[in-house]
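Colleague: Quick note on UniProt numbering: the sequence shown kicks off at 1 and runs consecutively.
Before I ask anything, here is the structure I am working with.
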Amino acid sequence: MAKRRGRTGWLFASPALLVVAAVTVFPVAFSLILSFCEVKLEYGGLRLGSPTLGHYEALLTSPEWYRALAFTLGFTIVSVALELVLGTVVALVLERLGAARGWILALLLLPWALINVVAAQLWSYLFNGTYGAVTWLCAQLFGGQPDILGEPAPAMAAMVVVDVWKTTPFVAIVVLAGLMLIPGDVYEAAEIDGANAWTTFWKVTLPQLRPIVAIAVLFRILQAFGIFDLPFVLTQGGPGTATQSVAILGYRILFQNLDFGGGAAVAVTTAAIVMGCCLLFLRVFRTQVDEGGQA
Numbered sequence: 001m002a003k004r005r006g007r008t009g010w011l012f013a014s015p016a017l018l019v020v021a022a023v024t025v026f027p028v029a030f031s032l033i034l035s036f037c038e039v040k041l042e043y044g045g046l047r048l049g050s051p052t053l054g055h056y057e058a059l060l061t062s063p064e065w066y067r068a069l070a071f072t073l074g075f076t077i078v079s080v081a082l083e084l085v086l087g088t089v090v091a092l093v094l095e096r097l098g099a100a101r102g103w104i105l106a107l108l109l110l111p112w113a114l115i116n117v118v119a120a121q122l123w124s125y126l127f128n129g130t131y132g133a134v135t136w137l138c139a140q141l142f143g144g145q146p147d148i149l150g151e152p153a154p155a156m157a158a159m160v161v162v163d164v165w166k167t168t169p170f171v172a173i174v175v176l177a178g179l180m181l182i183p184g185d186v187y188e189a190a191e192i193d194g195a196n197a198w199t200t201f202w203k204v205t206l207p208q209l210r211p212i213v214a215i216a217v218l219f220r221i222l223q224a225f226g227i228f229d230l231p232f233v234l235t236q237g238g239p240g241t242a243t244q245s246v247a248i249l250g251y252r253i254l255f256q257n258l259d260f261g262g263g264a265a266v267a268v269t270t271a272a273i274v275m276g277c278c279l280l281f282l283r284v285f286r287t288q289v290d291e292g293g294q295a
């Protein structure tokens, strides 16, 4: 009976598994094959030539690749750290709200609900060097006529500001869900022991939130590392290549230079880095779950 139920389950799940394989496994496998072959674009389509490691050699010796990787890593670390801190603060405030919590949550969801391209275009108007509100405010505070998106450091900071503005609500909602799951008797025990609010947060609340925080950080790292639309709309990866992410670099190599093998090498290398981050955080997540259960 158990075997029959198992076969029935696989039978019903097979259409979904086939769809997943078609949209994930096949593109990854095909990109891996392209990255190790000489690829020529012909009238009838792509023609795969002899095996080669030249695409990876060119990639790993390219200064442009390391600049794109450095920007992507820096953007990911800074933006995720800020979103985690601000999202936790917002979640702690929301937990203490009463009837107004639903309205505040609805307002918080507005930036997160916006399509990334729309949000980036909106902020491009605010950062515009001629009529942008943010540019005008910076000119009033610091003088001069700043070109926020035309200089490397301000452009990078602008990317972080937009991403934090848009994605902090996601982190806040996830952390708020974790706060709602913490039993009230844990706080009562801490109060009986004489713990103040600061001690309660560090010794009680934060340890209970570790599994939830690990999930939020994992999702945000995956999303931030693959950033494409935000710098593409705001700066086209400029000025120069200052805000060019690895996703934009792969797009330019693949679709603008029509170097399918080189673009596939960028995609495979990026996927390997992301997979390493996933495995690391899954291991941390498993550890935090065990600690949370013991707590």
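Using N, Cα and C, we set each Cβ at its ideal position, and we do this for glycine too.
What would DSSP say about Gly263, mapped onto helix, strand or coil?
Modeller: Locating residue 263 in the sequence shown gives position 263, where the first residue counts as 1. Helix.
Colleague: In or out: Lys3 buried (at least 16 other Cβ within 10 Å) or exposed?
Modeller: As a first step, residue 3 is located in the sequence shown; it is residue number 3 there, counting from the start. Exposed, since its Cβ has fewer than 16 Cβ neighbours within 10 Å.
Colleague: Compare the Cα-Cα distances from Ala68 to each of Pro231, Gln256, Pro15, Thr52 and report the closest residue.
Modeller: For the purposes of this step, residue 68 is identified with residue 68 of the sequence shown, where counting begins at 1. The candidate whose alpha carbon is nearest that of Ala68 is Pro231.
Colleague: Give a yes or no on whether the C-beta atoms belonging to Ser245 and Phe127 are separated by under 8 Å.
Modeller: Numbered from 1 along the sequence shown, position 245 holds the residue referred to as residue 245. Numbered from 1 along the sequence shown, position 127 holds the residue referred to as residue 127. In this structure, Phe127 does not lie closer than 8 Å to Ser245 by Cβ.
Colleague: Checking the sheet assignment: what are the DSSP bridge partners for Leu48?
Modeller: Residue mapping note: residue 48 aligns to position 48 of the sequence shown, counting from 1. For Leu48, which the question treats as bridged, DSSP gives the partners Val39.
Colleague: From what residue to what residue does the alpha helix (DSSP H) around Gly54 run?
Modeller: One-based indexing of the sequence shown puts residue 54 at position 54. Where Gly54 is concerned, the enclosing alpha helix (DSSP H) stretches over 54-60.
Colleague: Contact check, Thr168 vs Gly87 under 8 Å by CB: the rounded distance?
Modeller: Position 168 of the sequence shown, counted from the first residue, corresponds to residue 168. Position 87 of the sequence shown, counted from the first residue, corresponds to residue 87. Between Gly87 and Thr168 the Cβ distance is about 5 Å, and since that is below 8 Å, they are a contact.
Colleague: So, under 8 Å CB-CB, Trp112 and Phe170 are touching, yes? Tell me the CB distance rounded to an integer number of Å.
Modeller: Locating residue 112 in the sequence shown gives position 112, where the first residue counts as 1. Locating residue 170 in the sequence shown gives position 170, where the first residue counts as 1. Trp112 to Phe170, Cβ: 5 Å. Contact.
Colleague: What are the start and end residues of the alpha helix (DSSP H) that includes Leu137?
Modeller: Reading the sequence shown from its first residue, position 137 is the one you call residue 137. It spans 133-142 - the alpha helix (DSSP H) in which Leu137 sits, taken as one unbroken run.
Colleague: Specify the secondary structure class of Pro111 as computed by DSSP and reduced to three states.
Modeller: In the sequence shown, counting from the first residue as 1, residue 111 sits at position 111. Looking at Pro111 - three-state DSSP - the assignment turns out to be helix.
Colleague: Around the C-beta of Ile248, are 16 or more other C-beta atoms found within 10 angstroms, so that it is buried, or is it exposed?
Modeller: Counting from 1 along the sequence shown, the entry for residue 248 is found at position 248. The residue in question, Ile248, is buried, as its Cβ has 16 or more Cβ neighbours within 10 Å.
Colleague: Alpha carbon to alpha carbon, what distance is there between Lys166 and Ala119?
Modeller: Indexing the sequence shown from 1 puts residue 119 at position 119. Indexing the sequence shown from 1 puts residue 166 at position 166. Whole-angstrom Cα-Cα distance: 8 Å.
Colleague: Do the CB positions of Leu209 and Glu95 come within less than 8 Å of each other?
Modeller: Position 209 of the sequence shown, counted from the first residue, corresponds to residue 209. Position 95 of the sequence shown, counted from the first residue, corresponds to residue 95. Taking 8 Å as the Cβ cut-off, Leu209 and Glu95 do not qualify as a contacting pair.
Colleague: By a C-beta neighbour count over all protein chains shown, 10 Å radius and 16 as the cutoff for buried, is Thr135 buried or exposed?
Modeller: Taking the sequence shown and counting its residues from 1, the one referred to as residue 135 is at position 135. It is buried - the Cβ of Thr135 has at least 16 other Cβ atoms within 10 Å.
Colleague: Compute the Euclidean distance between the alpha carbons of Ile148 and Thr76, then round it to the nearest angstrom.
Modeller: Here residue 148 is taken as the residue at index 148 of the sequence shown, counted from 1. Here residue 76 is taken as the residue at index 76 of the sequence shown, counted from 1. Whole-angstrom Cα-Cα distance: 20 Å.
Colleague: Under 8 Å: do the stretch 187-202 and the stretch 152-163 share three or more Cβ pairs, one atom per stretch?
Modeller: The answer is no - the stretch 152-163 does not touch the stretch 187-202, with fewer than three Cβ pairs under 8 Å.
Colleague: Can you tell me whether Ala100 is buried or exposed? The criterion is at least 16 other CB atoms within 10 Å of its CB, across all chains shown.
Modeller: Taking the sequence shown and counting its residues from 1, the one referred to as residue 100 is at position 100. The residue is exposed, with fewer than 16 neighbouring Cβ atoms inside 10 Å.
Colleague: Shortest alpha-carbon distance to Glu38 belongs to which of Gly45, Ala139, Gly276, Gly261?
Modeller: For the purposes of this step, residue 38 is taken as residue 38 along the sequence shown, with counting starting at 1. Ranking the options by Cα distance to Glu38, first place goes to Gly261.
Colleague: Drop a sphere of 10 angstroms on the beta-carbon of Glu57, count the other beta-carbons inside from all chains shown, and report buried for 16 or more, exposed for fewer.
Modeller: In the sequence shown, residue 57 corresponds to position 57, counting from 1. Burial call: exposed.
Colleague: I need the DSSP call for Ala272, collapsed to helix, strand or coil.
Modeller: In the sequence shown, residue 272 corresponds to position 272, counting from 1. Residue state, collapsed to three classes: helix.
Colleague: For Thr269 versus Leu59, is the C-beta spacing smaller than 8 Å?
Modeller: As a first step, residue 269 must be located in the sequence shown, where it is residue number 269. As a first step, residue 59 must be located in the sequence shown, where it is residue number 59. For Thr269 and Leu59, yes; Cβs fall inside 8 Å.
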